[in-house]
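What follows is a single structure, written as structure tokens, with notes after it.
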């Protein structure tokens with residue numbers, strides 16, 4: 007009986023200890039979930055605040071909110087996981103004081119050994135702070151990576167190109183960025199016509215095409231087509247330069263539609279689009295060298 011009573015007391019004490027630890031860990035877990043939930047609420051509130059209601063066009067504020075929301079969510083998840091692991095170790099009797107101090111020393115040593123990683127993080131912080139580009143922007147990184155920004159963290163930027171390939175670019179390696187969808191864009195279309203074409207007539211035809219396109223697609227075409235004039239004089243004709251102000255990222259689609267409409271309109275109006283020609287001189291048999299037939 008004494009042995010049974012001692013066993014029951016030990017079991018009760020162990021059960022009570024495990025139950026108390028489970029309660030504490032449950033409280034820690036609820037705290038972590040509440041923190042993540044609070045971060046998600048803040049991110050949603052910011053996204054709703056900058057939403058202009060137009061799903062077809064993503065504004066600069068919406069892209070910045072998406073980028074900051076993604077970075078904030080990833081940082082919150084990392085902090086929550088680290089906090090939960092430390093509290094779990096403390097509940098099981100592990101002294102986390104030396105562990106935290108050792109982590110600090112290891113962090114300093116890691117900073118010296120992983121300078122490229124620190125450079126990536128610092129560069130990513132300033133990219134977000136200065137709002138150079140964000141999720142949804144179309145960028146050209148050092149003339150090597152061109153595509154749409156799908157994800158940004160403090161360390162890396164993910165870019166998806168036109169062929170669907172994902173490029174993971176470390177932020178510290180980014181030297182020069184050209185944003186192709188900042189505020190607005192311009193569709194550059196060059197049209198070559200024959201020398202027999204009246205330039206003023208071609209100008210008016212192009213302007214009429216631009217006005218119709220602006221009326222048909224006001225969300226993409228912000229201003230009617232602008233004819234800049236004759237750009238070059240070629241072997242078969244002269245080239246007319248046109249520029250059209252478009253919504254961010256819409257310049258390629260607008261340019262393709264413009265070329266389609268220009269081709270149809272010029273055919274209907276009888277305006278010639280030249281093609282390379284070659285003149286062949288035929289020398290008849292027995293002719294004196296240097297003398298060509300057909301004179």
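Numbering (the numbering used here), first residue to last: 7 to 301.
Heads up, the beta-carbon is just placed ideally off N, CA and C, and yes, glycines get one too.
Spatial distance of residue 250 from residue 154 (CA atoms): 22 Å
Rounded C-alpha distance that separates residue 7 from residue 47: Note that residue 7 has pLDDT 49, beneath the 50 cutoff, so the model's placement of it is unreliable and no number is given.
Residue 136 versus residue 147 - alpha carbon distance: 17 Å
Contact between the region 160-168 and the region 202-210 (3+ Cβ pairs under 8 Å): no
Simplified DSSP assignment, three categories, for residue 176: strand
Cβ contact (3+ pairs, closer than 8 Å) linking the region 216-230 and the region 177-184: no
Alpha carbon of residue 55 to alpha carbon of residue 130, nearest angstrom: 25 Å
C-beta contact flag for residue 196 and residue 243 at 8 Å: no
Nonlocal neighbours in the same chain, by C-beta distance under 7 Å from residue 269, ignoring five residues either side: none
Counted within 10 angstroms of its Cβ, other Cβ atoms place residue 174 as buried (16 or more) or exposed: exposed
Straight-line Cα distance separating residue 149 from residue 248: 25 Å
Neighbour-count burial assignment, residue 126, 16 or more Cβ in a 10 Å radius: buried
Coarse secondary structure for residue 239, derived from DSSP in three states: strand
CA-to-CA distance, residue 190 to residue 82, given in whole angstroms: 33 Å
Straight-line gap, residue 49 to residue 71 (C-alpha atoms, nearest Å): 8 Å
Residue 141 vs residue 76 beta-carbon contact at 8 Å: yes
Delimiting residues of the beta strand (DSSP E) encompassing residue 253: No beta strand (DSSP E) contains residue 253, which DSSP labels as neither H nor E.
Whole-angstrom distance between residue 40 and residue 219, CA atom to CA atom: 51 Å
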